[in-house]
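Q:
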Ligand code: ADP
Ligand code: MG
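Residue numbers (the working numbering): 39 to 370.
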């Protein structure tokens, strides 16, 4: 385990990290998902030792590394924008860290070749950074981090600057890399799809706090915290409770004794459109692999994810019923 205990980091009046305690399993991919400004980079830099926390301790295995410098922690970091040395070739860039550590040239050659093969960039070895595409640069940056054989690889939104197709391709490769090497990946992103695809273990960071963590599908499908619902774009609606029964406010009818002070989180794909006249379709949106229908149910707007074929048939202004699977209604 990597254990963070009560980590606090402030920049002036901004609390970038507000009392973070977290156990990160070794040998797996932990994804930290949070919006911009939620403290993701600060958290990675503190784990790397590039930044000192104001308070709190960091343990790797049983060792307290809080006072250790970065190079003693067995940690490498990859950044959103790869900063390669422009006057060095790909091969020299990758070998630079090993040279600085004083390895002999045969070892360096072997290790650099190993890292280039791992990232499928052998053919780029003699090129200079300005001759590389964004994706190639990021592969070089990954090779440069892995060549040091870290125990822990910290990835700070390494795919964010790449276009979509390349991003999806590299996601698969990152996961394969982790499976091949078996080392610990801590991957930071604001991209929900990327998080769900990569994570063995998912952490939701919001406003410098850990709001939820655990198995990614559980966190996604059954969030316990409104902020998790916000991060995933789930429906968040008021609900009423009457003699222990949950009632949606547009279905209240004559349940006048109901108390409506709870919130429910409902994923968009856990609502079905059915025959009925409970709601009116107010808009339909095409996404890449699915559609979103926005329905107005007695003044309450809900987003419903449906397949593209069904979306084609929906007419804005028509009446529909909705069916909500109670298993996926989380009361927060
Ligand atoms: P994220 O990576 O999730 O976007 P950051 O960790 O970069 O978030 O930043 C968290 C908060 O701390 C933000 O409000 C940011 O403006 C602030 N912050 C981060 N680094 C610094 C710094 N060096 N000086 C001042 N404020 C900072
Ligand atoms: Mg950041």
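Beta carbons: idealized from backbone N, C-alpha and C, even for Gly.
#1: Can you tell me where the alpha helix (DSSP H) with residue 143 in it begins and where it stops?
#2: Near the ligand ADP, which residues have their beta-carbon closer than 5 Å to a heavy atom?
#3: In three-state DSSP terms, what is residue 159?
#4: Nearest to residue 169 by alpha carbon, out of 137, 136, 123, 138?
#5: According to the Cβ coordinates, are residue 113 and residue 86 closer than 8 Å?
#6: Residue 216 to residue 39, Cα distance in whole Å?
#7: Here's the rule: buried if 16 or more other CB atoms are within 10 angstroms of the residue's CB, otherwise exposed. What is residue 77?
#8: Mind checking whether residue 185 and residue 245 have CB atoms under 8 Å apart?
#9: Following the continuous beta strand (DSSP E) through residue 48, name the residue where it begins and the one where it ends.
#10: Can you tell me the Cα-Cα spacing of residue 284 and residue 295, whole angstroms?
#11: What are the boundary residues of the beta strand (DSSP E) that residue 185 is part of?
#12: Are the Cβ atoms of residue 193 and residue 173 separated by less than 8 Å?
#13: Give me, in chain order, the residues of the same chain whose beta-carbon lies closer than 6 Å to that of residue 53; leave out the 5 immediate sequence neighbours on both sides.
#14: Tell me whether the beta-carbon of residue 240 lies closer than 8 Å to the beta-carbon of residue 261.
#15: State yes or no: is the C-beta of residue 317 within less than 8 Å of the C-beta of residue 360?
#16: Quick one: give me the first and last residue of the alpha helix (DSSP H) that residue 258 is part of.
#17: Using only the heavy atoms of the ligand MG, determine whether one of them is closer than 7 Å to the beta carbon of residue 195.
#18: Taking the alpha helix (DSSP H) that residue 270 belongs to, which residues open and close that run?
#19: Quick one: using the 10 Å Cβ neighbour count with 16 as the cut-off for buried, is residue 369 buried or exposed?
#20: Below 8 Å between beta carbons: does that hold for residue 228 and residue 67?
#21: Name, in chain order, the residues that DSSP records as bridge partners for residue 341.
#22: Under 8 Å between the Cβ atoms of residue 385 and residue 333?
#23: Check whether the stretch 258-272 touches the stretch 302-319, taking contact to mean three or more Cβ pairs, one atom from each stretch, closer than 8 Å.
#24: Quick check: the Cα distance between residue 116 and residue 221, rounded to an integer number of angstroms?
#25: I'd like the span of the beta strand (DSSP E) that includes residue 312, first residue to last.
#26: Using three-state DSSP, classify residue 119 as helix, strand or coil.
#27: Cutting at 8 Å between CB atoms, please list the residues of its own chain near residue 175, excluding the five before and the five after it.
#28: Within 10 angstroms of the Cβ of residue 272, are there 16 or more other Cβ atoms? Answer buried if so, exposed if not.
#29: What residue range is occupied by the uninterrupted alpha helix (DSSP H) comprising residue 95?
#30: Please list, in chain order, all residues of the same chain as residue 60 whose beta carbon is under 6 Å from its beta carbon, the five residues on each side excluded.
#31: To the nearest angstrom, how far is the alpha carbon of residue 242 from that of residue 251?
#32: Where do the ends of the alpha helix (DSSP H) carrying residue 203 lie?
#33: Do you know whose CA, among 132, 349, 183, lies nearest residue 162's CA?
A: On the basis of the supplied data:
#1: For the purposes of this step, residue 143 is taken as residue 105 along the chain shown, with counting starting at 1. Run containing residue 143: 143-156, per the alpha helix (DSSP H) assignment.
#2: What you get when you keep residues with a C-beta closer than 5 Å to any heavy atom of the ligand ADP is 49, 52, 54, 74, 75, 76, 77, 78, 79, 80.
#3: The count along the chain shown starts at 1 and reaches residue 159 at position 121. Coil, per DSSP.
#4: Mapped onto the chain shown, residue 169 falls at position 131. Among 137, 136, 123, 138, the Cα nearest to that of residue 169 is on 123.
#5: Locating residue 113 in the chain shown gives position 75, where the first residue counts as 1. Locating residue 86 in the chain shown gives position 48, where the first residue counts as 1. Yes, the pair counts as a contact, with Cβ atoms nearer than the cut-off.
#6: Here residue 216 refers to the residue found at position 178 when the chain shown is read from its first residue. Here residue 39 refers to the residue found at position 1 when the chain shown is read from its first residue. Each residue's Cα considered, the two are about 17 Å apart.
#7: Here residue 77 refers to the residue found at position 39 of the chain shown. It is buried - the Cβ of residue 77 has at least 16 other Cβ atoms within 10 Å.
#8: As a position in the chain shown, residue 185 is number 147, starting the count at 1. As a position in the chain shown, residue 245 is number 207, starting the count at 1. Taking 8 Å as the Cβ cut-off, residue 185 and residue 245 do not qualify as a contacting pair.
#9: To locate residue 48, count along the chain shown from 1; it is residue 10. Looking at the DSSP string, the run of the beta strand (DSSP E) that includes residue 48 is 40-49.
#10: Walking along the chain shown from the start, residue 284 turns up at place 246. Walking along the chain shown from the start, residue 295 turns up at place 257. Looking at the backbone, the Cα of residue 284 and that of residue 295 are separated by about 12 Å.
#11: Working through the chain shown from its first residue, we reach residue 185 at position 147. Segment: none, residue 185 is in no beta strand (DSSP E) and carries neither H nor E.
#12: Within the chain shown, the letter at position 155 stands for residue 193. Within the chain shown, the letter at position 135 stands for residue 173. Going by C-beta atoms, residue 193 is not nearer than 8 Å to residue 173.
#13: Within the chain shown, the letter at position 15 stands for residue 53. Taken in chain order, the residues that qualify are 246.
#14: Sequence index remark: in the chain shown, residue 240 carries index 202 (1-based). Sequence index remark: in the chain shown, residue 261 carries index 223 (1-based). Going by C-beta atoms, residue 240 is not nearer than 8 Å to residue 261.
#15: Within the chain shown, residue 317 is the residue found at index 279, counting from 1. Within the chain shown, residue 360 is the residue found at index 322, counting from 1. Yes; because the gap between Cβ atoms is below 8 Å, this pair is in contact.
#16: Sequence index remark: in the chain shown, residue 258 carries index 220 (1-based). Unbroken alpha helix (DSSP H) run through residue 258: 254-259.
#17: Position 157 of the chain shown, counted from the first residue, corresponds to residue 195. Flag set: Cβ of residue 195 near the ligand MG.
#18: Numbered from its first residue, the chain shown carries residue 270 at position 232. Its alpha helix (DSSP H) spans residues 264-270.
#19: As a working mapping, residue 369 is identified with position 331 in the chain shown. So residue 369 counts as exposed.
#20: Indexing the chain shown from 1 puts residue 228 at position 190. Indexing the chain shown from 1 puts residue 67 at position 29. Contact: no.
#21: For the purposes of this step, residue 341 is identified with residue 303 of the chain shown, where counting begins at 1. Beta-bridge pairing links residue 341 to 332.
#22: A question about residue 385 goes unanswered here, because the residues of the chain that appear run from 39 up to 370.
#23: Yes: the two stretches touch, three or more of their Cβ pairs being nearer than 8 Å.
#24: In the chain shown, residue 116 corresponds to position 78, counting from 1. In the chain shown, residue 221 corresponds to position 183, counting from 1. Near 15 Å, if we compare the C-alpha coordinates of residue 221 and residue 116.
#25: Taking the first residue of the chain shown as position 1, residue 312 is located at position 274. From DSSP, the beta strand (DSSP E) with residue 312 extends over 309-324.
#26: The count along the chain shown starts at 1 and reaches residue 119 at position 81. In the structure shown, residue 119 sits in coil (DSSP, three-state: anything other than H, G, I, E or B).
#27: As a position in the chain shown, residue 175 is number 137, starting the count at 1. Sequence-distant partners of residue 175 (beyond 5 residues in either direction) whose C-beta falls short of 8 Å from its own C-beta, in its chain, are 120, 122, 167.
#28: As a working mapping, residue 272 is identified with position 234 in the chain shown. Here residue 272 is buried: its Cβ has 16 or more other Cβ atoms, across all protein chains shown, within 10 Å.
#29: Indexing the chain shown from 1 puts residue 95 at position 57. Taken as a continuous stretch (DSSP letters only), residue 95 belongs to no alpha helix (DSSP H), being part of the beta strand (DSSP E) at 93-98.
#30: Walking along the chain shown from the start, residue 60 turns up at place 22. Only 42, 248 meet the Cβ criterion.
#31: Within the chain shown, numbered from 1, the residue matching residue 242 stands at position 204. Within the chain shown, numbered from 1, the residue matching residue 251 stands at position 213. Rounded to whole angstroms, residue 242 to residue 251 spans 6 Å at the Cα level.
#32: Here residue 203 refers to the residue found at position 165 of the chain shown. It spans 202-219 - the alpha helix (DSSP H) in which residue 203 sits, taken as one unbroken run.
#33: Position 124 of the chain shown, counted from the start, is the residue given in the question as residue 162. Looking at the Cα atoms, 132 is the closest of the given residues.
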